[in-house]
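To keep things clear, I will list the structure first and then write my remarks on it.
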Amino acid sequence: MQLVLSDIAKHLNNKFFFFNYKMRLNILIGGEAGQGANTIAEIVSDILVNYGYYVFNYKDYQSLIRGGHNFNIISISEKPIASYESKLDIILAMDKKTIDLHKNFLDKKGIVINARKFENFKRNMNLASLGSLIKILGIDKEVFISRIKKKFKNKECVIASQSGFDSQKNLFNFKRIKNKIYLMSGSEGVAEGAVSSGLNRYIAYPMTPATPVMHRLAAMQNNKQNNLMVFQAENEIAVINSALGASFAGANVMVGTSGGGFDLMSEGLSLQGMLEIPLTVYLASRAGPATGVPTYNSQADLNVALRAGHGEFPRVIVAPGDSLDSFQLTNQALYLSSKLNVLSIILSDKNVAESQFSFSESVKRGILKIVKNRKIPSEGFVKVSSYEHDKFGNTIEDAELVVKGYENRLRKYNELKKACSKFNMFKIYGKKNSKNLVMGWGSTKGVILDTIDNLDCKFLQILYLKPMSDKIKKELEKVENIILVEYNSTGQLGRLIREKTGIKILEKNRILKYDTRPFASDELKNEIKRRLR
Amino acid sequence: MKKEKIKNQLSTKQEITWCPGCLNFSILESVKNTIADLIKEKKYNKKDFAFVTGIGCHAKIFDYLNLSGFYGLHGRVLPTALGIKIGNPNLKVLGFGGDGDTYSEGISHFIHAFRYNADMTMIVHDNQSFSLTTGQATATSQKGFKTKAEPFGEIHEPLNPVKIALACGGSFIARCNPLDIKHTSLILRKAIEHKGFSYVEMIQKCLIFNPEMNNLDKLMYKVKDNTDYKKAQKLVEEWDYNSNKGKIPLGILYKSKKQIFEEKYPQLKKMLK
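Sequence lines, in order, name chains A and B.
Per the working numbering, the first sequence runs over residues 106 to 638.
Per the working numbering, the second sequence runs over residues 245 to 517.
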């Protein structure tokens, strides 16, 4: 049932409106690109987090600047969550299209806030409708208005927000609760993690969904605590070669890109393998092949991350599942790369990079600083070479010396494996003794965790895809039933697990989603439930 | 320290595998001369230098020059060199590339290098052919050049790299005949001392694969250091890289003052000594 604002009062007595904090509330905010749906979604998420609630903010946008249809879905709970449900409680619509496209998902008792009522506020229509939403949620007016004043130093914005707020009655009653909750997107996690590790050079060429990390780091430049410099090169080939040049000269470097740009960097990855100087690559994947569906999600780049670059050389690949993972794994990737002079790849995906996650643990603990485990030119003579070379950097072609080069790289991989084992290379969640195991990596983490709560199963999240922990085989052998969840069409993790352990995941137990949209938690729950033993 | 002793220190014990009579020997000699002079005059220490090479005959210089160095990928000398400046703006960076390297595989970087104007030097060994891959046509090979890949002759006209450099806003554009070691050393010194991106094009013979272009010396003449843009426009067009007729001006074809990369970024500027 849809309601317009004037109808809401009639429903005040409905018990639904007394928000049960154990429940989840799902709010969709949609409109044309440029109408400011994402801006208000971030404000409401931020306010609720400050109130002590866990919030997940999913961002769905098209590859255009004005028009089209963009939306956010915000899920709110008193317990940790990192996904949304398909049933919507509130739709805040900036245009008719938002109502038409999403009304079928609105709960029978759900509400529609029609922002067109505030058309007289013109550009600030979004803020007036945000005011309505805030009032409906029962949030304190002063908290809201001071937040608006802080963000927009403009009177009209405040007036629009106030008018929207005053036009409503509260239907929910969100009270502050005693939780210290942090809100962060995966991209912010990568950027903050990198700077905390001691990163001082970020080189990139713009590509969705990796660009938010470049934007975030660019904003952190010229700060007294770091000498961070962000450089946008002419193309990804220049990016990777400049990064290696900077690393050679002594900088702490990271580059960032998505699938297409990563392909262009491939020769440079191989060069790193021969040079043996630190290099960390942030790879945020989106739906391919080719240009694919550029602003939507996919986990189809695991294969290319594992194998890009000709020849054989060691690398580490970590895959964060949310913003906290993004922070910690970026730190580990930079540390390992600097410690062992190897290639590190942070394999994220659009839903991790661009969703906002909430968590209660401070990220600022146990940060490992980037180390310098190599000689650099300003300290004396140092030669690095793309040719097979002796220990002085001189080109060699002699068979015996070539073998030495290979053996050095193989030995380095073993050292890397040992170094990685000090970190959590995988995590097990849920019922530890269950005979059912759900396996996943990257952005499936949040939705799997939200799903398995009341089910007889555990969740194996793989954080290190290369090197892969030998203990994973033991974990898989302990259970009777393995279920794979991935956002790709070929089950790339499943294939990697078979390569590493010999364990084959049954065809019927592969839950593969490749419509480029994330699972709603209830949707995934049904998929997992019917595969449990 | 005597210059000869410094030159010896700049040499390595690696066996030199260039063809006998190759002009790469002369380029190596000029580079050592220039750097030895700069070290002797205490303008720089050996450890202030870092050099980058691409892939090809020219790049073997990596093994023969005893300075900190980066043997990079084919075509990627310029972004690698720029990266070194991004990492440590105090290093004196020399890039060595071939014509295949710089004008075919890496032409996009060549164009952008003039925009960035980082304080570094790019030396292009232009022998108008891919020689280490046994003689195919590059972007500067003359029309009609018969190769194993184009048995009926190269069908396209060459591009003119010094004209591109001028059009892209180059702040130091020079051309040398490496046979003239004295003049080449002088130009290289001015290139290294230029504040900004200095580009030195070496008109180099390939004795093996492109002998048709080996008789250019008689066309060459030296110009005085030029700072006049209008004159530069004429100088860069005097020779079209296509014929063995006309005149080939050598020396500094154009020089101007422009803000350098390292001063555009406060992060680099504050690191400068």
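Every residue, glycine too, gets a C-beta built ideally from N, C-alpha and C.
If you're wondering where the values come from, they're calculated on a predicted model, not measured in any experiment.
Is there a C-beta anywhere in chain B that falls below 8 Å from the one on V109 of chain A? For this step, residue 109 of chain A is matched to residue 4 along the first sequence. Caution is warranted here: a pLDDT of 45 is assigned to V109 of chain A, below 50, making its placement in the model unreliable, and the coordinate value is therefore given only provisionally. No, V109 of chain A lies away from the interface with chain B (no Cβ there is under 8 Å from its Cβ).
Chain-order list of residues whose beta-carbon lies under 6 Å from that of I195 of chain A (same chain, five-residue window excluded): Working through the first sequence from its first residue, we reach residue 195 of chain A at position 90. Contacts found: I132, I216.
So that I know if they touch, is there some Cβ in chain B lying closer than 8 Å to that of S483 of chain A? Within the first sequence, residue 483 of chain A is the residue found at index 378, counting from 1. Yes, S483 of chain A lies at the interface with chain B (some Cβ there is under 8 Å from its Cβ).
Measure the alpha-carbon distance for L512 of chain B versus E183 of chain A and round it to whole angstroms. Along the second sequence, one-based indexing puts residue 512 of chain B at 268. Along the first sequence, one-based indexing puts residue 183 of chain A at 78. Their backbone Cα atoms lie some 47 Å apart in a straight line.
Out of B:K304, B:G414, B:P323, state which residue places its alpha-carbon closest to the alpha-carbon of T471 of chain B. For the purposes of this step, residue 471 of chain B is taken as residue 227 along the second sequence, with counting starting at 1. When each option's Cα is compared against that of T471 of chain B, the closest is B:G414.
Of all the options B:G300, B:Y509, B:M446, which has the alpha carbon lying nearest to the alpha carbon of Q337 of chain A? In the first sequence, counting from the first residue as 1, residue 337 of chain A sits at position 232. That would be B:Y509, whose Cα lies nearest to the Cα of Q337 of chain A.
If you drop the 5 nearest sequence neighbours on each side, which residues of the same chain put their C-beta closer than 8 Å to that of S270 of chain B? The residue labelled residue 270 of chain B in the question sits at position 26 within the second sequence. Hits under 8 Å: P422, L423, I425, T428.
Where do the ends of the beta strand (DSSP E) carrying S180 of chain A lie? By one-based count along the first sequence, residue 180 of chain A stands at place 75. Counting along the chain, the beta strand (DSSP E) containing S180 of chain A begins and ends at 172-182.
Closer than 9 Å, Cβ to Cβ, to anything on chain D: give me those residues from the region 342-356 of chain A, in chain order. Of the protein chains in this structure, namely A and B, none is chain D.
With a CB to CB cut of under 6 Å and the five nearest residues on each side skipped, what residues in its chain are close to F505 of chain B? By one-based count along the second sequence, residue 505 of chain B stands at place 261. Within the same chain, F505 of chain B has close Cβ partners Y360, N361, A362.
Compare the C-beta of V489 of chain A against all C-beta atoms of chain B and say whether one is closer than 8 Å. Here the question's residue 489 of chain A lines up with position 384 in the first sequence. At least one chain B Cβ lies under 8 Å of V489 of chain A.
Taking buried to mean at least 16 other C-beta atoms within 10 Å of its own C-beta, is R638 of chain A buried or exposed? Here residue 638 of chain A is taken as the residue at index 533 of the first sequence, counted from 1. R638 of chain A should be labelled exposed.
What are the residues that DSSP puts in a beta bridge with S467 of chain A? Here residue 467 of chain A is taken as the residue at index 362 of the first sequence, counted from 1. Looking at the DSSP assignment, S467 of chain A forms no beta bridge with any residue, so it has no partner.
Alpha helix (DSSP H) containing V409 of chain A: first to last residue? Counting from 1 along the first sequence, the entry for residue 409 of chain A is found at position 304. First-last of the alpha helix (DSSP H) with V409 of chain A: 407-412.
Tell me the rounded alpha-carbon separation between D627 of chain A and S191 of chain A. Position 522 of the first sequence, counting from 1, holds the residue named residue 627 of chain A. Position 86 of the first sequence, counting from 1, holds the residue named residue 191 of chain A. So the two alpha carbons sit approximately 7 Å from each other.
Residues within the region 495-514 of chain B neighbouring chain A, beta-carbon criterion of under 9 Å: Y509, P510, Q511, L512, K514
Give me the Cα-Cα distance between R419 of chain B and I355 of chain B, rounded to the nearest whole angstrom. Here residue 419 of chain B is taken as the residue at index 175 of the second sequence, counted from 1. Here residue 355 of chain B is taken as the residue at index 111 of the second sequence, counted from 1. C-alpha separation (whole angstroms): 17 Å.
Separation of K480 of chain A from L380 of chain A, as counted between CA atoms: For the purposes of this step, residue 380 of chain A is taken as residue 275 along the first sequence, with counting starting at 1. For the purposes of this step, residue 480 of chain A is taken as residue 375 along the first sequence, with counting starting at 1. Each residue's alpha carbon lies about 12 Å from the other.
Nearest by alpha-carbon distance to K434 of chain B: which of B:T278, B:I305, B:P405, B:L267 is it? Working through the second sequence from its first residue, we reach residue 434 of chain B at position 190. It is B:T278.
Note down, in chain order, every chain B residue with its Cβ under 7 Å from the Cβ of Y492 of chain A. Position 387 of the first sequence holds residue 492 of chain A. Simply Y315.
Would A299 of chain A pass as a contact of L429 of chain A if the rule is Cβ separation under 8 Å? On the first sequence, position 194 is the one that residue 299 of chain A refers to. On the first sequence, position 324 is the one that residue 429 of chain A refers to. Their beta carbons are not under 8 Å apart, which means A299 of chain A does not touch L429 of chain A by this criterion.
Output, in sequence order along the chain, the residues in the region 317-331 of chain B whose CB is closer than 7 Å to any CB in chain A. L317, R320, P323, T324, A325, L326, G327, I328, I330, G331
Check distances from the C-beta atoms of the region 317-343 of chain A to those of chain B and list, in chain order, the residues that come in under 8 Å. Q326, N327, N332, L333, M334, F336, A338, E339, N340, I342, A343
Could you run through the region 493-523 of chain A and flag, in chain order, every residue whose CB is less than 9 Å away from some CB of chain B? H494, F497, G498, N499, T500
Look at the alpha carbon of K285 of chain A and the alpha carbon of I148 of chain A, and state the distance between them as a whole number of angstroms. Along the first sequence, read from residue 1 onward, the residue named residue 285 of chain A stands at position 180. Along the first sequence, read from residue 1 onward, the residue named residue 148 of chain A stands at position 43. Whole-angstrom Cα-Cα distance: 17 Å.
Does DSSP classify Q404 of chain A as helix, strand or coil? Locating residue 404 of chain A in the first sequence gives position 299, where the first residue counts as 1. Q404 of chain A falls in the coil class under three-state DSSP.
Within 10 angstroms of the Cβ of K563 of chain A, are there 16 or more other Cβ atoms? Answer buried if so, exposed if not. Taking the first sequence and counting its residues from 1, the one referred to as residue 563 of chain A is at position 458. It is buried - the Cβ of K563 of chain A has at least 16 other Cβ atoms within 10 Å.
Between F354 of chain B and chain A, is any beta-carbon pair separated by less than 8 Å? Counting from 1 along the second sequence, the entry for residue 354 of chain B is found at position 110. So no, F354 of chain B is outside the interface.
Determine the DSSP secondary structure at P493 of chain B, reduced to helix, strand or coil. Position 249 of the second sequence, counting from 1, holds the residue named residue 493 of chain B. Reduced to three states, the DSSP call for P493 of chain B is strand.
When the Cα atoms are used, what is the spatial distance from Y485 of chain B to K618 of chain A? Position 241 of the second sequence, counted from the start, is the residue given in the question as residue 485 of chain B. Position 513 of the first sequence, counted from the start, is the residue given in the question as residue 618 of chain A. Going by the C-alpha atoms only, they are around 57 Å apart.
Select from A:I475, A:R129, A:S292 the residue whose C-alpha is nearest the C-alpha of Q279 of chain A. In the first sequence, the residue the question calls residue 279 of chain A occupies position 174. Checking the sequence, you will find Phe at residue 279 of chain A rather than Gln. F279 of chain A has its Cα closest to that of A:R129, out of A:I475, A:R129, A:S292.
On the criterion of 16 or more Cβ atoms from any shown chain inside 10 Å, does Y498 of chain B qualify as buried, or is it exposed? Translated into the one-based positions of the second sequence, residue 498 of chain B becomes position 254. The residue is buried, with at least 16 neighbouring Cβ atoms inside 10 Å.
Taking the straight line between their C-alpha atoms, what separation do you get for I447 of chain B and A409 of chain B? If you number the second sequence from 1, residue 447 of chain B lands on position 203. If you number the second sequence from 1, residue 409 of chain B lands on position 165. Between I447 of chain B and A409 of chain B, the C-alpha separation is close to 16 Å.
Between the alpha carbons of M366 of chain B and G341 of chain B, how many angstroms are there, rounded? In the second sequence, the residue the question calls residue 366 of chain B occupies position 122. In the second sequence, the residue the question calls residue 341 of chain B occupies position 97. Their Cα atoms are separated by approximately 7 Å.
Identify the continuous alpha helix (DSSP H) that holds N538 of chain A and give its terminal residues. Counting from 1 along the first sequence, the entry for residue 538 of chain A is found at position 433. No alpha helix (DSSP H) contains N538 of chain A, which DSSP labels as neither H nor E.
Can you give the beta carbon distance from L288 of chain A to V160 of chain A, rounded, assuming they're within the 8 Å contact cut? Your numbering for residue 288 of chain A matches position 183 in the first sequence. Your numbering for residue 160 of chain A matches position 55 in the first sequence. 6 Å between Cβ atoms; contact.
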